[in-house]
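J.: Position in the sequence shown (first residue = 1) + 1 = this note's numbering. Virtual Cβ for every residue (Gly too), placed ideally from N, Cα, C.
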Amino acid sequence: MVLIGIGLSDCSKIRKTEAEKQREEWIESFSDSISYYQNQAKALETSLDELHGRIEAILPEFEKTENPREVAGVYIMKGWKEKLPMLSSGIYARINEREGLEIIATLGGATFNQIGVGEGSEEILSDVVRHDQAFNYRHERYNTVCFSGEKADSVAAFIADNYREKINLKFIEGEKKRNFNIPENEKNMIRQTWLLYSNQTEAKKLEKELWIASKKIETFRRIMEMQNEKPEN
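1. Helix, strand or coil for M78, going by three-state DSSP, please let me know.
2. I need the DSSP call for G109, collapsed to helix, strand or coil.
3. Three or more beta-carbon pairs under 8 Å between the segment 146–159 and the segment 173–186, yes or no?
4. Are the beta-carbon atoms belonging to R99 and V75 less than 8 Å from one another?
5. Could you spell out where the alpha helix (DSSP H) holding E151 opens and where it closes?
6. Could you tell me which residues DSSP pairs with A42 in its beta bridges?
7. For K205, which residues in the same chain have their Cβ closer than 8 Å to its Cβ, ignoring the five residues on either side in sequence?
8. Less than 8 Å between the CB atoms is what I'm expecting for Q39 and I218, so what's the real figure, rounded?
9. How is the beta strand (DSSP E) around F172 delimited, first residue to last?
10. Below 8 Å on the Cβ atoms is my guess for F237 versus I35; work out the distance and round it to an integer in Å.
11. Tell me which residues share the same chain as L211 and place their Cβ nearer than 8 Å to its Cβ, disregarding the 5 neighbours each side in the sequence.
12. Per DSSP, which residues does Y143 bridge with? Please list them.
13. In the DSSP assignment, what residue or residues form a beta bridge with E66?
14. Name the one or two DSSP bridge partners that G119 has.
15. S90 and T112: beta carbons closer than 8 Å?
16. State the Cα-Cα distance for the pair I7 and T18, rounded to the nearest angstrom.
17. Are L102 and A58 closer than 8 Å when you measure CB to CB?
18. Could you check what DSSP says for I183 in three-state terms: helix, strand or coil?
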């Protein structure tokens, strides 16, 4: 009877409580989470390497230039600095120091405060930029307007995606519209600027996701260490 009692006592020590099992499963779930975010981080790093390669291939085509009308410099395709400010109707793109895209359109002989591309249900319009002699300014007989933001991005993306096609640009002011066929060199210039900008934007997004994944891995590891350091009751 004494031997049986000892045996039962040993089994009770080996048998784990339900709470202990749940705690082990809980800690094990952290290991699974760490593995998940490690795989995610590796995939993000691979995508980032590809994006950085594309950016490095395009970047030599651009140069930084100072604009006397503005405090900060901008990045523009090489060979375009000498063409500015435009002295004829046209459109071009540039990237500011905050890595934001700007579309600059110039119209001769009339005024406007909005631009559009595409037709019908596919028509894409920019925001309206009122005349202020800053983002919408008039010089001699020309009106130049700087557009930025999500709608300007959509205009640039449309031109970049359809650069092989004939693209009609609309200069708009209320009910007044003037049509302009974008020349090949301007379409190609906007396409290259869009490629640089969109790759930079995607890279920033992935860098943020990678930072979040790294922080989650660090947090789960710290929790596991804290749990493992707790004394057993």
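T.: Reading from the atomic positions:
1. strand
2. strand
3. no
4. no
5. E151 to D162
6. DSSP output for A42 lists no bridge partner at all.
7. E100
8. 6 Å
9. N169 to E174
10. Residue 237 is absent from the structure shown; the chain starts at 2 and stops at 234.
11. A42, L45, E46 and L49
12. G109 and H140
13. Checking the sequence, you will find Thr at residue 66 rather than Glu. V75.
14. None, per the DSSP bridge assignment.
15. no
16. Reliability of the predicted coordinates at I7 is poor, the pLDDT of 47 falling under 50, and no value is obtained from them.
17. no
18. coil
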